[in-house]
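Same order as they appear, the protein sequences are chains Y and H. Going by my numbering, the first residue of the first sequence is number 1, and it counts up by one from there. Going by my numbering, the first residue of the second sequence is number 1001, and it counts up by one from there. Even glycine gets a Cβ: it sits at the ideal position worked out from N, Cα and C. It should be emphasised that the depicted structure is a prediction, and the values quoted were computed from it without experimental measurement. Inspection log for the structure reproduced underneath, given as structure tokens.
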Amino acid sequence: MAAPILRQSLLTADIFTSSHRFSAQISVGNRRLADVLNDRMTDFLQVQSVYVSRINTPGEIIGRYDKAALEKRHITFVVLPTETDGLSKEHKYNAFSKSTENIFITLPSFEICGRLEIIGKFDLKAILTIGTTRFMPIFQGTAENSFFPNVQFSGPVILVNKEAVALFSIITED
Amino acid sequence: MARILVVDDDPDILRLMQFTLSNAKHTVVVAPDGPTALNAINKKKPDLIIVDIMMPQMTGYQFTQRVRAMPGLKNLPILVYSARFQPIDQETAINAGATDYMPKTVAPADIVLKVNELLADDAPAASAPGGITIGFFSLRGGVGVSTLAVNIAAVIGLSKKAPTVLADLHPLAGHAGLMLGLRPKKSLADLQHTSDSLTEEVLNAVLAPHPKTGVRLLASPLIRRAAPVVHNLEAIAKQIKSAYPFAIFDLPSVFSKDVLAIMPLLDKLVLVTAPDLPSLQSAAVARKTIAALDAPPKRVCLVFNGNTATPTLKRASMEKTLRTSLFAEIPFEPTLCKAIHSGQPLALSNPQAPFTTAIAQLAAKLLKE
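Written out as structure tokens, the structure reads:
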């Protein structure tokens, strides 16, 4: 028997707003999720097989829906199971100018720690304002709920909605 | 080898599981949803169930609860296999009654490994009748195998008021005697040619009693000339198991022929690991090796021993990498070295220490589960 080949066009991810967790399948076609989220042609994200949990009881499933649409501006962050899906296909690395910073971000109801990779000069404001991408990848990220600190989510990459960021800071080592 | 029921609404996953598990010589039955799977359980009598969480009609949590409510299925291994990969999802699955949890990001080889591990846990004891035998093992030295074995033996010896043997099976210079403050004249080396004549009396003559706990120590030789390779560890272990209600084996850090021969005699193997990368690697290799054994221990219990004040790995990282839950965690204890110097197991000399509490809980769990 030949090994079955899995369809790669459907991706399962955890999508978060300030109040809910949605575990859903997203049809990405031949793109990556980062590209789908950053697609400025639409303000909505089409999802299927959505399992809804409240943020204070994120293990408990309160509803399931075959199809749904999410407004991208309300998505605060997305946790992905693999690093590859969090990177845009157009993401280019420059070995000479790439730097890494440990960062701390606050979002509505959440605080995120992780690693941000930057190409070129590091400028906090520019990262949030320049460019057309709405979501930025935070590597080895952990999201902690501000009201329920025992509610934590982590993953190899977290895509953070830059428009939802309140505080964006660098963690400096003492 | 075993009949496995896989429940998932994704046909690709069902095909992948069927392919992977069939290649590992298991018989695979598939079901696309919870209700179909519940019907299949009575007809197909699976030895193990693999279930997804996110399914229409019935979630994997609901399915697991329904299975656990069915008569005679309280202990059937249920492995939750889900794209929801957060620690809270693992916790929810275990609370619903699942035996273990794996995220869908794992490689097929790891699924087979986990399935074999769960089937081995569930298998009836292959060991000879006799007392409860618990082995302590690590492929890496210095992680605290002997420390845990000695302290657990001391706690069991004290609490059970029943003869308990601590067998230090290191071929030379094991530390159990030192930690108990004993320097026995006889050791494992005195049993090296006794395969045929190894009776309970011969064994008893070599054991050194520990006055405070009643633990009887089979010491490791301390003199090299008295320590040629002991070829009959299996026979010694069998004799201990048949003669004593409780036996703790402090095993050398190698999968030697003799150590492998002892594995099926063990009711539990405590695989000790510590918060550093080499220990993690050793634990991963040991688990894979044990899972591949024809005659494994009845159950493998991964214990995380915080043997340093400056850990470089956290428990969560260890669990994530090894893709299993820890059986127990022992906290770092700064006065442990002092206790070893004084020849007093810390579990006796400092009953208030968090270490002692954790050891007592571990001992209770090892004897109970």
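Contact between the segment 26-33 of chain Y and the segment 1059-1077 of chain H is absent: fewer than three C-beta pairs spanning the two stretches fall below 8 Å. In this structure, the CA atom of H:Ser1146 is about 31 Å from the CA atom of H:Met1102. Contiguous alpha helix (DSSP H) elements confined to the segment 65-150 of chain Y occur at 124-129, taking only those with 4 or more residues.
Excluding the 5 residues flanking it on each side, H:Leu1313 has same chain C-beta neighbours closer than 7 Å at Pro1275, Asp1276, Leu1277 and Leu1280, in chain order. Excluding residues up to 5 positions away in sequence, Leu1346, Ala1347 and Asn1350 lie with their Cβ nearer than 7 Å to the Cβ of H:Thr1356 in the same chain. For H:Gln1086, the closest Cβ of chain Y is nearer than 9 Å. For Y:Phe168, the secondary structure class from DSSP, reduced to helix, strand or coil, is strand. If only complete runs of 4 or more residues are kept, the segment 1238-1284 of chain H shows the alpha helix (DSSP H) at 1257-1262, in order along the chain. In chain order, Thr1164, Phe1246 and Ala1363 place their CB closer than 6 Å to the CB of H:Ile1156, counting only its own chain and leaving out the 5 sequence neighbours on each side.
Collapsing the DSSP output to three states places H:His1175 in coil. By a beta-carbon distance limit of 8 Å, Y:Ser169 does not contact Y:Ile112. Their separation comes to about 11 Å. Taken through DSSP and simplified to helix, strand or coil, H:Met1054 comes out as coil. DSSP, read as helix, strand or coil, puts Y:Phe22 in strand.
Contact holds between the segment 8-21 of chain Y and the segment 75-86 of chain Y, because three or more Cβ pairs, one in each stretch, are under 8 Å apart. Between Y:Leu159 and Y:Leu37, the beta carbon gap of about 6 Å places them in contact (Cβ cut-off 8 Å). With a threshold of 9 Å between beta carbons, Y:Gln48 makes no contact with chain H. For the 9 Å CB-CB criterion, H:Arg1003 and H:Ile1053 do not form a contact.
Any Cβ of chain Y closer than 9 Å to the Cβ of H:Asp1033 would place that residue at the interface, and such an atom is absent.
A Cβ of chain H is located within less than 9 Å of the beta carbon of Y:Ser23.
In this structure the segment 1262-1276 of chain H does not touch the segment 1170-1189 of chain H; the number of beta carbon pairs closer than 8 Å is below three. Contact check for H:Leu1148 against H:Leu1180 fails: the beta carbons are separated by 9 Å or more. With contacts defined by Cβ atoms closer than 9 Å, H:Ile1094 and H:Ser1317 do not form a contacting pair. If you compare the alpha carbons of Y:Lys67, Y:Val165, Y:Gly141 and Y:Asp85 with that of Y:Ile127, the shortest gap goes to Y:Val165. Looking at the DSSP output, H:Tyr1101 shares a beta bridge with H:Val1080. At least 9 Å separates the CB of Y:Glu144 from every CB of chain H.
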